[in-house]
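> My questions will all concern the structure given below.
In the UniProt record's numbering, the protein residues as written are 1 to 659.
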C-alpha cells in the first residue's frame, strides 16, 4: 500500500465494511434457510418465524462505541479525526468555547437524508425513558442538516453547544441542582455570571441524535459522544442504559492534566468492571508535550512515563493505554501528512479499534446466531433420518409380505386396524391432557413471570427507594429488588422443570407403545436467563457510587435511576415470559406433528395391506411408492445440506478485515 493510500484509507472503515459484508451474507443465508424450512414443512411454523426474526435483528445490528471522559478531554475532536476527516474539516463543533453539552448519538441517515433531532431538557421532568421518547416524534425538535453548505451545517450543529438560564428552583425539580438541605450555606443563592442572582446555566438539550449519510455509519457504526461527569451523574439512563449497552468504551484522559480525581471516579464507577465491554484508554493531547527545543527521545520518554503513570492509577497494563493527539491526527488526515499521522498516534488507535473491537463484534454476532441455526438444521436432518428409517422398515415389511401366503394378509390387516383404533383412543386421551398442561404452564411458569406481578414489585420498591436517603440504603433496596426478581425466576424455573417432566412422561408412554421418534424439542433454558438476570444485578450494583452523587443532588435523579433499571428488568421479564410461551407452543406443535406423522404412516400401511389383500400384485406398486418417497427424502436432505453448508461456514470463519 502506498503512503497516499495509507493516509486516505481508514482501517476502521475497511474493517466495518468487511463486517457489514459478512453480516449481509449471514442475513441472506438466514432468509434462505427460513424459506427452505417453510418449504420442507418439517418443523413448526414458529421455527421459520424465529429464523426471520434473527435475520432482521442481525441486519439491524450495529457496533456502538461510546466516548467517555471529563469536559475538555477532546472527545469530540477525536471523533472528528477518527470518523469524519474525509470531509476535509471539522464536522462536530469542538473549538474553544464550543463544548458539547448533551449526549450526542451519531447514526447512519435513513434513506440517506441527514438531520438533527434534539430533546429539550424539560423532558427530564417526565418519568419516560429516552429510548421510549425516541418513538415519540413530537417530543423532539428537528433541524435540517446540509453537509454541503459549511455555514448552514455549522449553524445547525452549534445547537449541540447551547445552554439556557433557569431558576435554581426549576433546575432542582429536574435534578440539575442540589436540594437546599444539601447545598453549602455560602451557595444557597447561586449567582451565575451570565444569568444573574438565583439562576444557573444548564444545557438546553437533554439528548441529541445526529443522522449522517457517511460510509463508516452506513457500514454499521453508531457513535455516542458524551459530556463530562456532571451529565453522567445527573442522567441515570446514560449510565444504566446507553453506556452499559455500548459494545466498546473509549475513555479519554488529558496528557496535560494526567488522571484527575474526577477521571478516576468515572473509571471506577462506570467503566472498569463491565466484563461484557471492550475498553480503550486514550491519553489525549500528547501534542502539549511536544517541544521543538527538546530532543525527540526526551519527548517520547516523557510520553512513555505518562502512559505508565496512567496505567498505574487505573490499575491496568501500560499496553492498554494509547497516547494520541486527536487534533493533530485530524490535521494529518486532512492534509494527508503521513509523518504527522503516525506521530499523533491516530493511526495506532485506528488499528487498535479495527483489530480489537471489530473481531469481538464479529464473534458476538456468530454466538447469537449459531445455536438457533445449528438447531434448525439438526432438527430437520433428524426428522428426515427418522422418516427414511421408517420407510426402510416399511419396505422390509412389504418385501417380507411377498414371501408370505395370502392367508396371513387378513390377519395383518386386522392387527393394523386394532393398532389404529388403540392409537386414536390414546391420542384422544393425550389431547385431553393438553388442557392440564396448559393450566400447569399458566400456574407454574407464566404467573411467576406475569408483568402485573413485577409492576407491583417495582411500585413497592420505588416507594421505598424514595424514602432511602443514604447510598447504603439505596444500594440495599436495589439488591432487594433484584432478589425479588430472581425469586420469581426461581419459581418459574422450578415450574418449567415440572411442566417438562409432565409433558415428557405423557409423550414417552406413547413413544414406547408406538415407537414414536424421541421428542427432540429442547426444554426451555430458564437457567441461562436467570444467570443473565444475575449479571444485570451485579452490573447495576457496580454503579452504587453514582447514586451517592444522585442523593447529593435530587431525589428525582434517584427515581429516574431506579425507573431505568426497573424498566429494563421488566422488559427482560416480559421477553423471558414470551420466550417461555413460544417454547410451550413449539413443543406442543412438535408433539402434534409426530403424532400426526405416525397416524398418517399407519393409515398408509393399512391401506397398502388392504390393497395387498385384494391383489398381491399391489406389492410391487407399494415398493415403487416407497422407493419414490425415499428418493424425495434424499432430495430434501441434499437441499438442506446444500443450503445450510454456506451458512454454517459463515459461522465458522474468522474475521477478515480485507476481503
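Quick reminder that beta carbons are idealized off the backbone N, C-alpha and C, glycines included.
Only a predicted model underlies this, so the values are computations on that prediction, with no experimental measurement involved.
The alpha helix (DSSP H) that contains residue 205, what's its start and end?
Locating residue 205 in the chain shown gives position 205, counting from the first residue. That residue, residue 205, is in no alpha helix (DSSP H); its beta strand (DSSP E) goes 205-212.
> Return the first residue and the last residue of the alpha helix (DSSP H) that residue 47 is part of.
For the purposes of this step, residue 47 is taken as the residue at position 47 of the chain shown. 45-60 is the span of the alpha helix (DSSP H), which, as asked, contains residue 47.
> With a CB to CB cut of under 6 Å and the five nearest residues on each side skipped, what residues in its chain are close to residue 608?
By 1-based counting over the chain shown, the position of residue 608 is 608. Counting only Cβ-Cβ distances below 6 Å, and skipping sequence neighbours, we find 622.
> So is residue 418 buried or exposed if we call it buried at 16+ other beta carbons inside 10 Å?
Here residue 418 corresponds to residue number 418 of the chain shown, with the count starting at 1. With fewer than 16 Cβ atoms within 10 Å of its Cβ, residue 418 is classed as exposed.
> Rounded C-beta distance between residue 208 and residue 264? I'm assuming under 8 Å.
Along the chain shown, one-based indexing puts residue 208 at 208. Along the chain shown, one-based indexing puts residue 264 at 264. Their Cβ separation, rounded to whole angstroms, is 28 Å, which puts residue 208 and residue 264 out of contact at 8 Å.
> Taking contact to mean 3 or more Cβ pairs, one atom from each stretch, closer than 8 Å, check whether the region 214-226 and the region 56-66 are in contact.
yes
> Expressed to the nearest angstrom, what Euclidean distance is found between the alpha-carbon atoms of residue 314 and residue 71?
Residue numbering aside, residue 314 sits at position 314 when the chain shown is read from its first letter. Residue numbering aside, residue 71 sits at position 71 when the chain shown is read from its first letter. Looking at the two C-alpha atoms, the distance is approximately 19 Å.
> If you count every other CB in all the chains shown that lies within 10 Å of the CB of residue 328, and 16 or more means buried, which is it?
For the purposes of this step, residue 328 is taken as the residue at position 328 of the chain shown. So residue 328 ends up on the buried side.
> Going residue by residue through the region 344-419, where are the continuous alpha helix (DSSP H) segments of at least 4 residues, counting only ones entirely within it?
346-352 and 358-402
> On the DSSP bridge list, what partners appear for residue 166?
As a working note, residue 166 is residue 166 in the chain shown. Paired residues: 200.
> In chain order, what residues of the same chain have a beta carbon less than 8 Å from the beta carbon of residue 247, not counting five sequence neighbours either side?
Counting from 1 along the chain shown, the entry for residue 247 is found at position 247. Around residue 247: 63, 64, 65, 277, 278, 357, 360, 361 and 364.
> Could you spell out the range, first to last residue, of the beta strand (DSSP E) harbouring residue 119?
In the chain shown, counting from the first residue as 1, residue 119 sits at position 119. Taken as a continuous stretch (DSSP letters only), the beta strand (DSSP E) holding residue 119 covers 115-120.
> Find the nearest neighbour of residue 249 within the set 368, 161, 79 and 110, judged by alpha-carbon distance.
As a working note, residue 249 is residue 249 in the chain shown. Residue 249 has its Cα closest to that of 79, out of 368, 161, 79 and 110.
> Taking the alpha-carbon positions, what's the residue 28 to residue 215 distance?
Residue 28 sits at position 28 when you count from the first residue of the chain shown. Residue 215 sits at position 215 when you count from the first residue of the chain shown. Cα to Cα, residue 28 sits roughly 21 Å from residue 215.
> Taking C-beta to C-beta, are residue 606 and residue 413 nearer than 8 Å?
Taking the chain shown and counting its residues from 1, the one referred to as residue 606 is at position 606. Taking the chain shown and counting its residues from 1, the one referred to as residue 413 is at position 413. Yes; because the gap between Cβ atoms is below 8 Å, this pair is in contact.
> Can you tell which of 162, 211, 217 and 219 has its C-alpha closest to the C-alpha of residue 201?
Along the chain shown, read from residue 1 onward, the residue named residue 201 stands at position 201. Per the C-alpha coordinates, the member of 162, 211, 217 and 219 positioned closest to residue 201 is 162.
> To the nearest angstrom, report how far apart residue 645 and residue 14 are at their CA atoms.
Taking the first residue of the chain shown as 1, we reach residue 645 at position 645. Taking the first residue of the chain shown as 1, we reach residue 14 at position 14. One alpha carbon belongs to residue 645, the other to residue 14, and they sit about 27 Å apart.
> DSSP three-state label for residue 590, please.
In the chain shown, residue 590 corresponds to position 590, counting from 1. It is helical.
> For residue 141 versus residue 174, is the C-beta spacing smaller than 8 Å?
In the chain shown, residue 141 corresponds to position 141, counting from 1. In the chain shown, residue 174 corresponds to position 174, counting from 1. Between residue 141 and residue 174, the C-beta gap is not smaller than 8 Å, which leaves the two residues out of contact.
> Please classify residue 107: does DSSP put it in a helix, a strand, or coil?
Your numbering for residue 107 matches position 107 in the chain shown. Reduced to three states, the DSSP call for residue 107 is strand.
> Within 8 Å, do at least three Cβ pairs link the region 434-448 to the region 630-650?
Output reads no: the region 434-448 does not touch the region 630-650.
> With DSSP run on the structure shown, which of helix, strand or coil describes residue 601?
Position 601 of the chain shown, counted from the start, is the residue given in the question as residue 601. Note: residue 601 maps to helix in three-state DSSP.
> Report the rounded CA-to-CA distance for residue 17 versus residue 69, giving the unit in angstroms.
Position 17 of the chain shown, counting from 1, holds the residue named residue 17. Position 69 of the chain shown, counting from 1, holds the residue named residue 69. Spanning the two alpha carbons is a distance of roughly 28 Å.
> Where does the unbroken alpha helix (DSSP H) through residue 37 begin, and where does it stop?
Here residue 37 is taken as the residue at index 37 of the chain shown, counted from 1. Annotation for residue 37: the continuous alpha helix (DSSP H) segment containing it runs 11-40.
> What does residue 694 pair with, by DSSP beta-bridge criteria?
For the chain, the structure presents residues 1 to 659; residue 694 sits outside this window and is missing.
> Taking the alpha carbon of residue 53 as the point to measure from, which residue in 515, 165, 648 and 579 has its own alpha carbon closest?
For this step, residue 53 is matched to residue 53 along the chain shown. Nearest of 515, 165, 648 and 579 to residue 53, Cα basis: 579.
> State the DSSP-derived secondary structure class of residue 151, mapped to helix, strand or coil.
By one-based count along the chain shown, residue 151 stands at place 151. Residue 151: helix per DSSP, three-state reduction.
> Who are residue 221's beta bridge partners in DSSP?
Counting from 1 along the chain shown, the entry for residue 221 is found at position 221. In the DSSP output, where bridge partners are listed per residue, residue 221 has 63.
> Give the secondary structure of residue 574 by DSSP, where H, G and I count as helix, E and B as strand, and everything else as coil.
For the purposes of this step, residue 574 is taken as the residue at position 574 of the chain shown. Note: residue 574 maps to helix in three-state DSSP.
> What number of angstroms, rounded off, separates the C-alpha of residue 389 from the C-alpha of residue 399?
Position 389 of the chain shown holds residue 389. Position 399 of the chain shown holds residue 399. Rounded to whole angstroms, residue 389 to residue 399 spans 15 Å at the Cα level.
> Measuring only the C-alpha atoms, how far is residue 211 from residue 105?
Taking the first residue of the chain shown as 1, we reach residue 211 at position 211. Taking the first residue of the chain shown as 1, we reach residue 105 at position 105. Straight across, the Cα-Cα distance linking residue 211 with residue 105 is about 8 Å.
> Any idea which residues DSSP pairs residue 249 with across the strands?
Position 249 of the chain shown, counted from the start, is the residue given in the question as residue 249. Paired residue(s): 66 and 279.
> At which residues does the beta strand (DSSP E) containing residue 135 begin and terminate?
Against the chain shown, residue 135 aligns to sequence position 135. Unbroken run through residue 135: none, as it is neither H nor E.
> Out of 245, 228, 164 and 422, point me to the one whose CA is closest to residue 262's CA.
Counted from its first residue, the chain shown places residue 262 at position 262. Out of 245, 228, 164 and 422, 228 has the C-alpha closest to the C-alpha of residue 262.
> With distances taken between CB atoms, is the gap from residue 266 to residue 203 smaller than 8 Å?
Taking the chain shown and counting its residues from 1, the one referred to as residue 266 is at position 266. Taking the chain shown and counting its residues from 1, the one referred to as residue 203 is at position 203. Going by C-beta atoms, residue 266 is not nearer than 8 Å to residue 203.
> Note down the Cα distance separating residue 260 from residue 294, rounded to an integer number of angstroms.
One-based indexing of the chain shown puts residue 260 at position 260. One-based indexing of the chain shown puts residue 294 at position 294. In this structure, the alpha-carbon of residue 260 lies about 26 Å from that of residue 294.
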